[in-house]
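See structure below.
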Amino acid sequence: MKTTWTTWMLAGALLASLQWNLSGDPEPAADMPHDCSVEPASLGLDDEQAAALDRLCRADCAEASRLEGEARAALGELYTAMADPELDPAALRARVAKVSAARERALQSLLQAVLEVRAVLRPDQVRSLLG
Numbered sequence: 024m025k026t027t028w029t030t031w032m033l034a035g036a037l038l039a040s041l042q043w044n045l046s047g048d049p050e051p052a053a054d055m056p057h058d059c060s061v062e063p064a065s066l067g068l069d070d071e072q073a074a075a076l077d078r079l080c081r082a083d084c085a086e087a088s089r090l091e092g093e094a095r096a097a098l099g100e101l102y103t104a105m106a107d108p109e110l111d112p113a114a115l116r117a118r119v120a121k122v123s124a125a126r127e128r129a130l131q132s133l134l135q136a137v138l139e140v141r142a143v144l145r146p147d148q149v150r151s152l153l154g
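Just so you know, we're using this note's numbering here: the sequence shown kicks off at 24 and counts up by one.
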């Protein structure tokens, strides 16, 4: 079975995104996975599964990264605005709404990617990858 490193990048990106979105931190935590050190044999992927995950990674990773970047930027803007001596409550509420919308888009993208990955893997493989 031939797999590429991008197959495992998807798993790392999904886990990192989920952890970041659940943590509420404006920046990714240092301990979030940035690479996928999962051995292909550890999941027991067949060639078809490996090819499907590779395609998903190429399709989903760039979009997920873009959306997470937007959410981080919006949260950073909110923190900056909260420190402004001339605090404008209406502007802060608008920034909170922007953060919420950006996080919603990032989480929806993550959910879609996870659902697509789950459709490719057997239940035991899902548990090994995401459990």
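Positions of the beta carbon are idealized from the N, C-alpha and C atoms, including for glycine.
Handout entry: Closest Cα partner of Q155 within the set R150, L98, E86, V119
Key = An answer regarding residue 155 cannot be provided, because it is not within the stretch 24 to 154 covered by the chain.
Handout entry: DSSP state of E71 mapped onto helix, strand, coil
Key = Residue state, collapsed to three classes: helix.
Practice task
From the DSSP output, in three-state form, read off E109 for me.
Solution key: Coil at E109, not helix or strand.
Practice task
Taking Q148 and L66 to be in contact with their CB atoms under 8 Å, please state how far apart those CB atoms are, rounded to whole angstroms.
Solution key: Contact flag correct, Cβ pair sits at about 5 Å.
Practice task
Give the straight-line distance between the Cα atoms of D111 and L153, rounded to the nearest whole angstrom.
Solution key: Between D111 and L153, the C-alpha separation is close to 42 Å.
Exercise for the section: With a cut-off of 8 Å on the beta carbons, I'd call R126 and A94 a contact; round off their distance for me. Expected result: Confirmed, about 5 Å.
Handout entry: S123 classed as buried or exposed, judged by whether at least 16 other C-beta atoms fall within 10 angstroms
Key = The residue is exposed, with fewer than 16 neighbouring Cβ atoms inside 10 Å.
Practice task
Kindly indicate if chain B contains any beta-carbon less than 9 Å away from that of Q148.
Solution key: Looking at the structure shown, chain B is missing, and only one protein chain is on hand.
Handout entry: D83, buried or exposed, once every other Cβ within 10 Å from all chains shown has been counted against 16
Key = It counts as buried.
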